[in-house]
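Trainee: The structure that follows is given in the form of structure tokens.
Number of protein chains: 2
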Amino acid sequence: MDKKSIADPKGRSRPRVKIEDVAREANVSPATVSRVLNHPGIVRPELRDKVMRFITDLSYTPDSAARALKSGRMRTIGAIVPTLGLGIFAESVEALQNRLSESGYTLFIANSQYDQRRELQEMQSLIERGIDGIVLVGGSHGRELRTLVEQTGVPVITTYVSKAGGGIPAIGIDNERATREMTEFLLGLGHVRFGAIANILPSNDRSRARLDGIQRALSEAGIRLQPTQVIRADHSLAQGRKALRQLLTDHPATTAVICTTDTLAIGAMTEARKMGLSVPRAVSITGFDDVELAAQVDPPLTTISIPAAEIGRGAADYLISAIAGRPVPKSVLLPYRLVVRSSTTSPPKADRLPKRPR
Amino acid sequence: MDKKSIADPKGRSRPRVKIEDVAREANVSPATVSRVLNHPGIVRPELRDKVMRFITDLSYTPDSAARALKSGRMRTIGAIVPTLGLGIFAESVEALQNRLSESGYTLFIANSQYDQRRELQEMQSLIERGIDGIVLVGGSHGRELRTLVEQTGVPVITTYVSKAGGGIPAIGIDNERATREMTEFLLGLGHVRFGAIANILPSNDRSRARLDGIQRALSEAGIRLQPTQVIRADHSLAQGRKALRQLLTDHPATTAVICTTDTLAIGAMTEARKMGLSVPRAVSITGFDDVELAAQVDPPLTTISIPAAEIGRGAADYLISAIAGRPVPKSVLLPYRLVVRSSTTSPPKADRLPKRPR
DNA sequence: CGAGCCTCTGAAATCGTTTTCAGGATTATC
DNA sequence: GATAATCCTGAAAACGATTTCAGAGGCTCG
């Protein structure tokens, strides 16, 4: 049981250097070495330098397990994202990481694969490892997770949404209002025959809210979406294609398709072209997220731009304050932006009806 | 000093539940509770169940710091990836995570943003926190990182490449051979005027190897690429577009463009179309990675498919074995696959109108 | 029916730090 | 020159789990 020893290339093993070793060499007590490391101010400069020399000479690094055990702080934040494959999350995470490392924290990332069970599991893992704060995505989380949060008291913030259940604070945008605005924009262009493609999953309240926004705006305009005009899909290009095909098969007269995600929208555009329909002349298609690809695709996609980096930074600031015991806001609402590009235009004349009052 | 206590919303604070609390409630000793958790086999089933009930009732979770301190094992693996925004890494990471959690390990992910300094920093963070093993991407890492690995003796494996410097074991594909094969494929179609778009960064030896493969194959065919026929770009769609425009401005006669990445290739295709050039009739374009988008784009992209999931699983298996002290291979070479889709075809006959495909 | 064996449980030592507490040395004050 | 005040430093007690070492029962077997 040479636990903390290190097998070197030659097979021998050399024990980890401890604070006590440094103390012995420097002819001081372990307490002093610890003080040099943690409160350099209170130790006589001359002695401090001497100890420092021995620390570097022996290349001593404190055992973080022991340190965490005693001090109760891990200086680590965890983030649980639904998937790593989406550029949109990546941007937030990078901003989060940058801001955290400025404050001496390290970020650990886990992914839940859009699975609440998995999310809970990762959360437990993180908490067990003594994480100081946690960043989540979206507002719908299992009851168990919420009670876990309450019981342990770990600071948690959820992102990309404007409010979350269970009293968890949130930083993000108003998804519903965003799609409502998008829908109103399309109504303003004169569209009346709509379709929607949404990636509905129990754990994805963002898409849920986005879909609600669409339906709300339409019903205010006196339009009701039939069940077959709302296609549920997984979050992938292929599903976007399939969804569009089905939608246009059932409702060939559709002139505007609102997707809850750029990925779905881009898939839909590809399929529309394959079906011989020009975008936007025959169908207008919109997305949500404004991923890099959205501007590069042909035609460039009309979509909603999310302040991903700000969300990440904001989450970092929130957690740092919360950990330090400073007062924190209940939630932060950030602005989104409707980005009009070329995937949308007025409906073909034949289909155009007298404009309705908004 | 209420370190391990938790301030609840009302301001009171309640201490963390410890193994001793469980023991008291269940009327057994802490030792027994520990055994129930770590070696369930050696405790009488009846008693074990009883203790288990109290554990869940009190929702006790062992303090990992204390556990790690005593046992010297953290049961945690770290992965440092260059960026989270790429689907291709995400796939490996997910496979890695799945395989690890089967064995009771948790995966922490850090990202280096293609920056060696950052990578080293994250590595130190991970090691200080007592990580049991580390997964890297690519074979080029700073000297400091390599000595850190040697000194600490943490098991490390690098991925996506067939061999790495500094004696670090690797699991991945032969990048050079893959692009060589791709180039030979294009030569076989009759192309002679080539261009290459590569995302060259000091820390990215994969692209380096891929570019080498292209040049090797061409020079074997007696073709030499001029410096202006090799465009260096960052890894983004926009850069792919810019690169293609520049390439075709300098060398309008180019009939085949080999990109070291699907993202670049897709950007290039978009730009080609914008320039009024049909792909593949006027120019053939190829990518590398076979991301989801590659098959969905129009025309579908000819590219190299990488066994991303297998790489992840393999890395997990390697580390688990290495940690357990079992013998491990020096490196693992996995097969890639040349996927021919519709973005490539024979070059247009020199002075004739291009024949119509399909 | 008693000795011996096996199985299971508990007491206590231990992991490497941090931090409180108290005391020794040094300086300031009268 | 003695006493008080001020610094620093060291000894020792945690922190929360794991694990060794023994010992208490319950069985089997002679």
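Same order as they appear, the protein sequences are chains E and B.
Going by the working numbering, the residue at position 21 of the first sequence is 21; the numbering climbs one at a time, nothing skipped.
Count along the second sequence from 1, then add 1000; that gives the number in the working numbering.
Note that beta-carbon positions come from the ideal geometry of N, C-alpha and C, so glycine has one too.
Note that this is a predicted model, so its numbers are computed, not measured.
Determine whether the Cβ of SER343 (chain E) lies closer than 9 Å to any Cβ atom of chain B.
Mentor: For the purposes of this step, residue 343 (chain E) is identified with residue 343 of the first sequence, where counting begins at 1. No - not a single Cβ of chain B is within 9 Å of the one on SER343 (chain E).
Trainee: Relative to the C-alpha of ASN1111 (chain B), which residue among B:LYS1163, B:VAL1137, B:ARG1129 is closest?
Mentor: If you number the second sequence from 1, residue 1111 (chain B) lands on position 111. That would be B:VAL1137, whose Cα lies nearest to the Cα of ASN1111 (chain B).
Trainee: For SER162 (chain E), which option in E:THR76, E:THR345, E:LEU333 has the closest C-alpha, if you only look at C-alpha atoms?
Mentor: Here residue 162 (chain E) corresponds to residue number 162 of the first sequence, with the count starting at 1. Per the Cα distances, E:LEU333.
Trainee: Quick test of your reading: GLN296 (chain E) and THR1302 (chain B), contact by CB under 8 Å. State the CB separation rounded to the nearest angstrom.
Mentor: Working through the first sequence from its first residue, we reach residue 296 (chain E) at position 296. Working through the second sequence from its first residue, we reach residue 1302 (chain B) at position 302. Their Cβ separation, rounded to whole angstroms, is 20 Å, which puts GLN296 (chain E) and THR1302 (chain B) out of contact at 8 Å.
Trainee: Look at LEU1084 (chain B) and PHE288 (chain E) and say whether their C-beta atoms are less than 9 Å apart.
Mentor: In the second sequence, counting from the first residue as 1, residue 1084 (chain B) sits at position 84. In the first sequence, counting from the first residue as 1, residue 288 (chain E) sits at position 288. Cβ atoms of LEU1084 (chain B) and PHE288 (chain E): not closer than 9 Å.
Trainee: Quick one: does VAL339 (chain E) have its CB under 9 Å from some CB of chain B?
Mentor: Here residue 339 (chain E) refers to the residue found at position 339 of the first sequence. It does not; no Cβ of chain B falls within 9 Å.
Trainee: Whole-angstrom Cβ separation of ARG1317 (chain B) and ARG1099 (chain B), contact assumed at under 8 Å?
Mentor: The residue labelled residue 1317 (chain B) in the question sits at position 317 within the second sequence. The residue labelled residue 1099 (chain B) in the question sits at position 99 within the second sequence. One detail in the question is off: residue 1317 (chain B) reads as Asp in this sequence, not Arg. Contact holds; Cβ gap of about 7 Å.
Trainee: Roughly how many whole angstroms lie between the Cα atoms of VAL283 (chain E) and ALA233 (chain E)?
Mentor: Residue 283 (chain E) sits at position 283 when you count from the first residue of the first sequence. Residue 233 (chain E) sits at position 233 when you count from the first residue of the first sequence. Rounded to the nearest angstrom, the two C-alpha atoms are 19 Å apart.
Trainee: Are the CB atoms of LEU237 (chain E) and THR263 (chain E) within a distance shorter than 9 Å?
Mentor: The residue labelled residue 263 (chain E) in the question sits at position 263 within the first sequence. The residue labelled residue 237 (chain E) in the question sits at position 237 within the first sequence. A contact, by the Cβ cut-off of 9 Å.
Trainee: Identify which residue in B:ILE1134, B:SER1140, B:ARG1053 has its Cα closest to the Cα of ASN1360 (chain B).
Mentor: This structure cannot speak to residue 1360 (chain B), because chain B is shown only from 1001 to 1358.
Trainee: Can you find at least 3 beta carbon pairs, one from the segment 1240 to 1260 of chain B and one from the segment 1187 to 1200 of chain B, that sit closer than 8 Å?
Mentor: Segments in contact, yes.
Trainee: Return the bridge partner residues of GLY1133 (chain B) from the DSSP annotation.
Mentor: Residue 1133 (chain B) sits at position 133 when you count from the first residue of the second sequence. Answer is B:ILE1077.
Trainee: Taking ILE1266 (chain B) as part of the alpha helix (DSSP H), name the residues at either end of that continuous run.
Mentor: Here the question's residue 1266 (chain B) lines up with position 266 in the second sequence. 1262 to 1274 is the span of the alpha helix (DSSP H), which, as asked, contains ILE1266 (chain B).
Trainee: Using DSSP bridges, identify the partner residues of SER331 (chain E).
Mentor: If you number the first sequence from 1, residue 331 (chain E) lands on position 331. Its beta-bridge partners are E:ALA170.
Trainee: Hey, would you say VAL1022 (chain B) sits closer than 9 Å to LEU1058 (chain B), going by beta carbons?
Mentor: For the purposes of this step, residue 1022 (chain B) is taken as residue 22 along the second sequence, with counting starting at 1. For the purposes of this step, residue 1058 (chain B) is taken as residue 58 along the second sequence, with counting starting at 1. For VAL1022 (chain B) and LEU1058 (chain B), yes; Cβs fall inside 9 Å.
Trainee: What span of residues does the beta strand (DSSP E) with PHE1194 (chain B) cover, start to end?
Mentor: Your numbering for residue 1194 (chain B) matches position 194 in the second sequence. Here the beta strand (DSSP E) through PHE1194 (chain B) covers 1194 to 1198.
Trainee: Considering only residues of the same chain and omitting the five flanking positions on each side of GLN1239 (chain B), which have a CB-CB separation below 6 Å?
Mentor: Position 239 of the second sequence, counting from 1, holds the residue named residue 1239 (chain B). ALA1233.
Trainee: Mark ASP1049 (chain B) as exposed unless 16 or more other C-beta atoms lie within 10 angstroms of its C-beta, in which case mark it buried.
Mentor: For the purposes of this step, residue 1049 (chain B) is taken as the residue at position 49 of the second sequence. By the neighbour-count rule (16 or more Cβ atoms within 10 Å), ASP1049 (chain B) is not buried but exposed.
Trainee: Roughly how many whole angstroms lie between the Cα atoms of VAL1017 (chain B) and ILE1055 (chain B)?
Mentor: Taking the second sequence and counting its residues from 1, the one referred to as residue 1017 (chain B) is at position 17. Taking the second sequence and counting its residues from 1, the one referred to as residue 1055 (chain B) is at position 55. Straight-line Cα distance between these residues: approximately 10 Å.
Trainee: Beta carbon of VAL1291 (chain B), beta carbon of GLY1142 (chain B): below 9 Å?
Mentor: For the purposes of this step, residue 1291 (chain B) is identified with residue 291 of the second sequence, where counting begins at 1. For the purposes of this step, residue 1142 (chain B) is identified with residue 142 of the second sequence, where counting begins at 1. Not in contact: VAL1291 (chain B) and GLY1142 (chain B) (Cβ atoms no closer than 9 Å).
Trainee: Check whether the Cβ atoms of PRO347 (chain E) and HIS251 (chain E) lie closer than 9 Å to each other.
Mentor: Locating residue 347 (chain E) in the first sequence gives position 347, where the first residue counts as 1. Locating residue 251 (chain E) in the first sequence gives position 251, where the first residue counts as 1. The answer is no: Cβ separation not under 9 Å.
Trainee: 9 Å is my cut-off, CB to CB: does GLU119 (chain E) come that close to chain B?
Mentor: Locating residue 119 (chain E) in the first sequence gives position 119, counting from the first residue. Cβ-Cβ to chain B under 9 Å: no for GLU119 (chain E).
Trainee: Let me confirm a value: THR152 (chain E) is counted as buried when at least 16 other C-beta atoms fall within 10 Å, else exposed. Which label applies?
Mentor: The residue given as residue 152 (chain E) occupies position 152 in the first sequence. Flag for THR152 (chain E) reads buried.
Trainee: State yes or no: is the beta carbon of GLY1085 (chain B) nearer than 9 Å to at least one beta carbon in chain E?
Mentor: For the purposes of this step, residue 1085 (chain B) is taken as the residue at position 85 of the second sequence. It does: the Cβ of GLY1085 (chain B) has a partner Cβ on chain E nearer than 9 Å.
Trainee: Residues in the same chain with beta-carbon distance under 6 Å from ARG1146 (chain B), minus the five sequence neighbours each way, listed in chain order, please.
Mentor: Here residue 1146 (chain B) refers to the residue found at position 146 of the second sequence. Excluding positions up to five away in sequence, the list reads GLY1166.
Trainee: Could one say the Cβ of GLN296 (chain E) lies closer than 9 Å to chain B's Cβ atoms, at least one of them?
Mentor: Reading the first sequence from its first residue, position 296 is the one you call residue 296 (chain E). It does; some Cβ of chain B falls within 9 Å.
Trainee: Assuming MET1391 (chain B) contacts THR1286 (chain B) (C-beta within less than 8 Å), just tell me the rounded distance between them.
Mentor: Nothing about residue 1391 (chain B) can be reported from this structure: the residues present for chain B run from 1001 to 1358 only.
Trainee: Helix, strand or coil for ALA256 (chain E) per DSSP?
Mentor: Residue mapping note: residue 256 (chain E) aligns to position 256 of the first sequence, counting from 1. Strand, per DSSP.
Trainee: Taking Cβ positions only, does ALA1110 (chain B) come closer than 9 Å to chain E?
Mentor: Counted from its first residue, the second sequence places residue 1110 (chain B) at position 110. Yes - at least one Cβ of chain E is within 9 Å of the one on ALA1110 (chain B).
Trainee: Kindly list the residues whose CB is nearer than 6 Å to the CB of ILE223 (chain E), restricted to its own chain and excluding five residues on each side of it in sequence; keep chain order.
Mentor: Residue mapping note: residue 223 (chain E) aligns to position 223 of the first sequence, counting from 1. So no residue of the chain qualifies.
Trainee: Under 9 Å between the Cβ atoms of ILE127 (chain E) and THR1061 (chain B)?
Mentor: Sequence index remark: in the first sequence, residue 127 (chain E) carries index 127 (1-based). Sequence index remark: in the second sequence, residue 1061 (chain B) carries index 61 (1-based). A contact, by the Cβ cut-off of 9 Å.
Trainee: Between ASP1132 (chain B) and VAL1154 (chain B), is the Cβ-Cβ spacing less than 9 Å?
Mentor: On the second sequence, residue 1132 (chain B) is found 132 positions in, with the first residue counted as 1. On the second sequence, residue 1154 (chain B) is found 154 positions in, with the first residue counted as 1. Yes, the Cβ-Cβ distance between ASP1132 (chain B) and VAL1154 (chain B) is below 9 Å.
Trainee: Note down, in chain order, each residue of its chain lying with its Cβ closer than 8 Å to the Cβ of ILE1042 (chain B), except the 5 sequence neighbours on either side.
Mentor: Indexing the second sequence from 1 puts residue 1042 (chain B) at position 42. These residues qualify, in order along the chain: ARG1035.
Trainee: If you compare alpha carbons, which of B:MET1275, B:PRO1040, B:GLY1130, B:GLU1094 is closest to THR76 (chain E)?
Mentor: The sequence position of residue 76 (chain E) within the first sequence is 76, counting from 1. Per the Cα distances, B:GLY1130.
Trainee: Look at the alpha carbon of ARG1341 (chain B) and the alpha carbon of GLU1091 (chain B), and state the distance between them as a whole number of angstroms.
Mentor: Within the second sequence, residue 1341 (chain B) is the residue found at index 341, counting from 1. Within the second sequence, residue 1091 (chain B) is the residue found at index 91, counting from 1. Rounded to the nearest angstrom, the two C-alpha atoms are 22 Å apart.
Trainee: Where VAL257 (chain E) and GLY314 (chain E) are concerned, what is the direct C-alpha to C-alpha distance, given to the nearest angstrom?
Mentor: As a working note, residue 257 (chain E) is residue 257 in the first sequence. As a working note, residue 314 (chain E) is residue 314 in the first sequence. So the alpha carbons of these two residues sit roughly 33 Å apart.
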